[in-house]
Amino acid sequence: MQVYFKRWNDTVTMAKRCLLLSKRNPDTLLTSIMLPALMMILFVSLFGKLIKIEDVSYVNYIVPGVLLQCIGQCSSVTAIMINKDITKGIVNRFCTLPIKQSSILNGHILEAFIRSIITSVVVLLVALLLGVRPSIKLINLSVFFILLFSSILALSYVAIVIGIVANSPEGASALSALVIILPYLSSGFVPTEMLPSIMRIFAQYQPMTPIIDMMRTALLDKPLDISTFIISLIWCIGLSIILYFISIVLFIKKMEK
Numbered sequence: 000m001q002v003y004f005k006r007w008n009d010t011v012t013m014a015k016r017c018l019l020l021s022k023r024n025p026d027t028l029l030t031s032i033m034l035p036a037l038m039m040i041l042f043v044s045l046f047g048k049l050i051k052i053e054d055v056s057y058v059n060y061i062v063p064g065v066l067l068q069c070i071g072q073c074s075s076v077t078a079i080m081i082n083k084d085i086t087k088g089i090v091n092r093f094c095t096l097p098i099k100q101s102s103i104l105n106g107h108i109l110e111a112f113i114r115s116i117i118t119s120v121v122v123l124l125v126a127l128l129l130g131v132r133p134s135i136k137l138i139n140l141s142v143f144f145i146l147l148f149s150s151i152l153a154l155s156y157v158a159i160v161i162g163i164v165a166n167s168p169e170g171a172s173a174l175s176a177l178v179i180i181l182p183y184l185s186s187g188f189v190p191t192e193m194l195p196s197i198m199r200i201f202a203q204y205q206p207m208t209p210i211i212d213m214m215r216t217a218l219l220d221k222p223l224d225i226s227t228f229i230i231s232l233i234w235c236i237g238l239s240i241i242l243y244f245i246s247i248v249l250f251i252k253k254m255e256k
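The sequence shown begins at 0 in numbering that gives the first Met the number 0 and counts up by one.
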């Protein structure tokens with residue numbers, strides 16, 4: 000028990016360090032917190048009256064997609080931060096301390112989780128100001144937040160892997176763009192039926208689509224599809240577990256070089 004308590008303390012210490020670095024970086028504030036909210040206002044302003052979706056207003060439709068996009072923005076910052084730690088050598092110093100190497104990565108994950116939650120709250124507040132009135136049923140809110148938290152965890156681990164394998168912060172930023180683009184190539188902003196044929200096939204089978212569809216269903220108080228919920232959870236939890244072990248292996252190999 001004492002070992003696990005110490006490991007948790009190490010993780011919290013690393014997360015506090017990352018939060019302080021984020022706080023001191025104005026680019027992080029703009030990219031991770033302000034930009035997604037501004038993007039939602041922009042989409043609603045430009046396309047709210049042009050795109051007609053059956054039985055739902057456009058602002059209600061795009062909230063889950065914007066949330067996933069903002070989590071992707073946060074993951075980009077995480078990838079850059081872990082890459083800077085590795086390339087600048089600070090991680091080598093951490094590895095000489097009496098801490099578990101996994102605590103270094105877990106600290107970045109915890110910091111990314113906190114930052115993504117803050118960003119999501121900002122986006123949801125903006126959505127409320129734009130007229131979104133979400134369901135307040137306990138089951139709907141539970142489904143919504145379970146998928147939100149699971150998505151944050153999965154995308155944070157994607158960011159960790161990208162940050163480790165990239166050769167520079169610029170490379171980490173470029174690779175992270177693939178994650179940011181995924182919500183656009185899903186049902187996040189328009190129904191998949193409205194996409195070109197090749198994009199439509201990709202959108203229907205990529206993990207973002209069932210997650211966004213299920214979050215939207217819960218948010219709008221529509222009948223919940225248990226199978227879609229299970230598929231979404233499998234994507235999130237499966238990716239988190241697989242990428243956790245991959246990140247540990249890659250991190251150890253990186254430190255041995």
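Glycine included, C-beta positions come from ideal geometry on N, C-alpha and C.
query: Spatially closest choice to Val122 from Val142, Leu147, Val76, by CA coordinates; result: Leu147
query: Straight-line Cα distance separating Ile225 from Leu181; result: 23 Å
query: Sub-9 Å separation of Met198 and Asn105 beta-carbons; result: no
query: When Lys136, Gln68, Ile247 are compared against Leu223, the one with the closest alpha-carbon; result: Lys136
query: Per-residue burial, Met193 [other beta carbons within 10 Å of its own, 16 or more giving buried]; result: exposed
query: Whole alpha helix (DSSP H) elements within the region 86-167, 4-residue minimum; result: 89-94, 100-128, 137-164
query: From Ser175, Ile138, Val189, residue whose alpha carbon lies closest to that of Phe228; result: Ile138
query: Any non-hydrogen atom of the ligand SAM closer than 8 Å to Val120 Cβ; result: Ligands are entirely absent from the displayed structure, and the ligand SAM is therefore not among its contents.
query: Continuous alpha helix (DSSP H) stretch holding Lys252: start and end; result: 225-255
query: Lys252 versus Ile245: straight-line alpha-carbon distance, rounded; result: 11 Å
query: Ala217 versus Ile211 - alpha carbon distance; result: 10 Å
query: Burial state of Asp84, where buried means 16 or more other Cβ atoms lie within 10 Å; result: buried
query: Which of helix, strand or coil DSSP assigns to Val43; result: helix
query: Beta-bridge pairing of Val55 - partner residues as DSSP gives them; result: Ile52
query: Alpha-carbon to alpha-carbon, Tyr183 and Ala153; result: 18 Å
query: N-terminal and C-terminal residue of the alpha helix (DSSP H) that Tyr204 is part of; result: 196-204
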